[in-house]
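K.L.:
Protein chains in written order, with our numbering: chain A, 1 to 135; chain B, 1001 to 1135.
2 protein chains.
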Amino acid sequence: MEFYTPKSRSDLEEGSGFAPKFDDRGLIPVTTTCVKTGGILMQAWMDAEAIKQTLITKEAHYFSRSRQELWHKGATSGEIQKVINFKTDCDQDSLWLIVEQMGEGCCHVGYPSCFYREISLEDEGGRLETTLTKK
Amino acid sequence: MEFYTPKSRSDLEEGSGFAPKFDDRGLIPVTTTCVKTGGILMQAWMDAEAIKQTLITKEAHYFSRSRQELWHKGATSGEIQKVINFKTDCDQDSLWLIVEQMGEGCCHVGYPSCFYREISLEDEGGRLETTLTKK
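1. Which of the three DSSP states, helix, strand or coil, is assigned to Gln1068/B?
2. Contact between the stretch 1070 to 1082 of chain B and the stretch 1048 to 1057 of chain B is defined here as three or more beta-carbon pairs at a separation below 8 Å; is this criterion met?
3. Got a sec: is the Cβ-Cβ distance from Tyr4/A to anything in chain B below 8 Å?
4. Could you please give me the residues that DSSP links to Phe1022/B through a beta bridge?
5. Going by DSSP, what residue range makes up the beta strand (DSSP E) through Lys1052/B?
6. Along the stretch 69 to 87 of chain A, what residues have a CB closer than 8 Å to any CB found in chain B?
7. Tell me whether Leu1012/B sits in a helix, a strand or coil according to DSSP, three-state version.
8. I want to verify the contact list: residues of chain A whose CB lies under 8 Å from the CB of Lys1058/B, in sequence order.
9. What does DSSP give as the partner residues of Lys1082/B in its beta bridges?
10. Against chain A, which members of the stretch 1018 to 1041 of chain B pass a CB distance test of less than 8 Å?
11. Tell me, please, whether the CB atom of Met1102/B is closer than 8 Å to any CB atom in chain A?
12. From this set, Lys1134/B, Glu1104/B and Ile1119/B, which residue's C-alpha is nearest Phe3/A's C-alpha?
13. Name the chain B residues that come within less than 7 Å of Phe63/A, Cβ to Cβ?
14. Under 8 Å between beta-carbons, which chain B residues line up against Leu55/A? List them in chain order, please.
15. For a contact defined as C-beta to C-beta under 8 Å, what are the partners of Leu1128/B on chain A?
16. Tell me whether the beta-carbon of Val99/A lies closer than 8 Å to the beta-carbon of Lys87/A.
17. Does Met46/A come within less than 8 Å of chain B when only Cβ atoms are used?
18. Give me, in chain order, the residues of the same chain whose beta-carbon lies closer than 7 Å to that of Arg1065/B; leave out the 5 immediate sequence neighbours on both sides.
19. Taking only the alpha-carbon atoms, compute the straight-line gap between Gly1026/B and Phe1063/B and give it to the nearest angstrom.
20. Determine whether the Cβ of Val1109/B lies closer than 8 Å to any Cβ atom of chain A.
Next comes the structure, spelled out in structure tokens:
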């Protein structure tokens, strides 16, 4: 697939052409939320191929920075993420993926969301509290 | 404030020490959601100072990559973001800030959220549809 080349800043920000802005590694951040709870499941990265495969298969694909390869989320664990909605932001340098999470959750540590710890607001944030239970 | 230095991978992932992992620019991505709607308002970046000021003032501070400086969101526009909750993920390289958005919204283009356009799932994503109305 070809991405759009915006003709101006207003075309980038208010036009209808999808023109994801990749960083110098060829990646764009994506935040994935759960269609049922509304909460954030994880934050990851996509390259052009991950975007393409996500759109074609309607299942979340990311770019694994540790393995430096395309990552079809859940392909081995069964914790597939079915795409419900996919959004981009004003300057198209960030993506928001809304999914139906298959299996018990998304996090390799064993929690339903990767964001299972809150930063304490009481003592200027030196301390974390775990707020979810393992799946 | 001093951040924690994890003693092991399990300490990083399951411990109670806040040890944000900054990239080679000294930045960490943060996704900001609205406590009222649950939706994502914006995705931005924090450096160590932005985290510190956010925790001290309980108002969102980011690092502006375009201006290369600390950015107290809403300081000039009035669109302050009051911190309700602040989370980190499993490997502590991403943050989730839940805020009460003051004013009419967060986006400089005029929408209540920066994510006002959906990527079409019908034609492999070449096209965007605007789904919010301006504030």
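Note that beta-carbon positions come from the ideal geometry of N, C-alpha and C, so glycine has one too.
P.N.:
According to the data block:
1. Three-state DSSP puts Gln1068/B in coil, outside helix and strand.
2. Contact between the stretch 1070 to 1082 of chain B and the stretch 1048 to 1057 of chain B is present: 3 or more CB-CB pairs across the two stretches fall below 8 Å.
3. True, the Cβ-Cβ gap to chain B drops below 8 Å.
4. According to DSSP, Phe1022/B bridges with nothing at all.
5. For Lys1052/B, no beta strand (DSSP E) run applies; the uninterrupted alpha helix (DSSP H) run containing it begins and ends at Ala1048 to Thr1057, by DSSP.
6. Listed in chain order, the positions of the stretch 69 to 87 of chain A with a beta carbon within less than 8 Å of a beta carbon of chain B are Val83, Asn85, Phe86 and Lys87.
7. Reduced to three states, the DSSP call for Leu1012/B is helix.
8. In chain order: Leu121.
9. In DSSP, Lys1082/B forms a bridge with Glu1059/B and Glu1100/B.
10. Within the stretch 1018 to 1041 of chain B, the residues whose Cβ lies closer than 8 Å to any Cβ of chain A are, in chain order, Phe1018, Pro1029, Thr1031, Thr1033, Gly1038, Gly1039 and Ile1040.
11. Output row for Met1102/B: interface = no.
12. Taking only the C-alpha atoms, the option nearest Phe3/A is Ile1119/B.
13. Chain order gives no chain B residues near Phe63/A, where near means a beta carbon separation below 7 Å; the closest approach is about 15 Å.
14. Close partners of Leu55/A in chain B (Cβ separation under 8 Å): Ile1119, Leu1121, Glu1124 and Gly1125.
15. For Leu1128/B, the C-beta contacts it makes with chain A under 8 Å involve Gly15, Ser16, Gly17, Phe18 and Thr88, in order along the chain.
16. For Val99/A and Lys87/A, no; Cβs fall outside 8 Å.
17. Taking 8 Å as the threshold, the shortest C-beta distance from Met46/A to chain B does not fall below it.
18. Cβ within range, chain order: Trp1045.
19. Spanning the two alpha carbons is a distance of roughly 10 Å.
20. Answer yes: the Cβ-Cβ gap between Val1109/B and chain A drops below 8 Å somewhere.
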